[in-house]
Amino acid sequence: MGSGGPVLFFDSGLGGLTVLREARYLLPYEPLLYVADDAAFPIGRWPEADLKARLLTLFDKLIATHEPKAVVIACNTAFTLAGDALRRAHPQVPFVGTVPAIKPAAERTASGLISVLATPGTVRRAYTRSLIESFASQCHVRLVGSDLLAEMAEYHLRGDPVADEALLAEISDCFLESEGRRTDIVVLACTHYPFLTNRFRKIAPWPVDWLDPAEAIARQLVRVLGADAASAPADTPDRAIFTSNPKDPALVRLLAGFGLVLERD
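Numbering (my numbering), first residue to last: 71 to 335.
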C-alpha cells in the first residue's frame, strides 16, 4: 500500500474528471490530487516509445513529490501503453487502471454487435485485442478510432460550440446493421467521451447502451484502498495540477465545479 498521501488521478486532460467525480461519491473524505498532462494533449497522437518514456519520467517526479496513497490512471491510452511498466517501477504504490469495458459489454449485449469507441492509440494496442479475444470472442466487436473526439469533449466541457454534424462524423462507424441485428452497445474507451454521452444519444441513428467505465474504476479504487480509505475529512482542499501551467480563469471555475483548486508553479 502507498503512503498516507492523496489519491492521484492522472489523465491527459479533463477526461479523468469523469472518474474523479464517481470516486468522490464513494470516497467522500479521501484527499484527491488530479494531474493532467495537458502539455502533451492529445496523447493518442504521440509515437508509443516517446509517450511511454514521457509517462515513466513524469510519474517518477509525481510519486516522489506527492507520495500518493494510490494512483488511478484515468486514461485508456496511457494505461494500456505504460500500466505494467509503471507498476514495475513503483511497486510500493497501488495502481488502478482504465481499460476498454469489453468484458461487461460482451455480458450485456443482446445482438452480439458491440462497438468500441476509442482513440487511435487504444484501437491499435494489443491489450485491446487481447481483451476482445478473452471476453468477447462470441461477439462481433468493431473498433472505431477517433482522432478528434477527446478534443471535442474538452471544447464541449469548456462551453465552446461543437456541431452535431462533427460529432456524428466521429461516431457513425459505431453503428452496424447485419442480418437483422444492430449494434446495441458502444463502449466509451476514453474517459473524455462520457462528457458527450447526452449529445451522442440525441444524434445516434438508434438507441444503444453507452458504456461508461467511470463507476467501475471508482469501485475498484475503493477495493484497493480497503481499510486505508480516509474516514474523516482532510484539512487541505483537493488539488489539480496541469503540466502546461495554464493561467485560465475559465479552467479555474470548471475545476471548482469538481471540488478542485488549480495549483500553479
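Glycine included, each C-beta is placed from N, C-alpha and C at the ideal position.
Q. To which residues does DSSP link A188 through a beta bridge?
A. G215 and A259
Q: Compare the C-alpha of P283 against each of A106, S200, V186 and T168 and name the closest.
A: T168
Q: Confirm, please, whether the CB-CB distance from L330 to D308 is below 8 Å.
A: yes
Q) From this set, L103, D279, A326 and R115, which residue's C-alpha is nearest L218's C-alpha? A) R115
**Q.** W280 classed as buried or exposed, judged by whether at least 16 other C-beta atoms fall within 10 angstroms
**A.** buried
Q: Check whether the Cβ atoms of T88 and T253 sit closer than 8 Å, and answer yes or no.
A: no
Q) When you compare only the Cα positions, how much space is there between A274 and S242? A) 8 Å
Q) Among P76, L151 and A106, which one has its Cα closest to the Cα of A123? A) L151
(Q) To test your reading of the DSSP string, which unbroken alpha helix (DSSP H) runs of 4 or more residues are found completely within the region 200-255? (A) 219-227 and 234-241
Q) In the structure shown, what three-state DSSP assignment does D108 receive? A) helix
Q: Take the Cβ of D107 as the centre, count every other Cβ of all protein chains shown within 10 Å, and call the residue buried at 16 or more, exposed below.
A: buried
Q: Determine the extent of the beta strand (DSSP E) in which V331 is found, giving its start and end residues.
A: L330 to E333
Q: Using only alpha-carbon positions, find the residue among I311, H210 and L246 that is nearest to F80.
A: I311
Q: Note the first and the last residue of the continuous beta strand (DSSP E) segment covering A140.
A: A140 to I143
Q: Using the DSSP secondary-structure output, state which residues sit across from V166 in a beta bridge.
A: V142
Q | Whole-Å CB distance - R91 paired with F328, under 8 Å assumed | A | 6 Å
Q: List the endpoints of the continuous alpha helix (DSSP H) containing D130.
A: E118 to H136
Q. Under the DSSP definition of a beta bridge, which residues are partnered with D81?
A. A106
Q. How many Å lie between A220 and S301 at the Cα?
A. 35 Å
Q) At a cut of 8 Å, does the region 174-192 reach the region 223-236 through at least three beta carbon pairs? A) no
Q: Please work out which residues of its chain come closer than 8 Å, Cβ to Cβ, to E118, disregarding the five sequence neighbours upstream and downstream, and give them in chain order.
A: L151 and G191
Q. If you follow the alpha helix (DSSP H) that A310 is part of, which residue opens it and which one closes it?
A. No alpha helix (DSSP H) holds A310; the beta strand (DSSP E) holding it covers D308 to F312.
(Q) At the level of alpha carbons, what is the spacing between F165 and R157? (A) 7 Å
Q.
Below 8 Å on the Cβ atoms is my contact criterion, and I expect H136 with L183 to pass it. Report the Cβ-Cβ distance as a whole number of Å.
A. Not a contact, Cβ separation roughly 43 Å.
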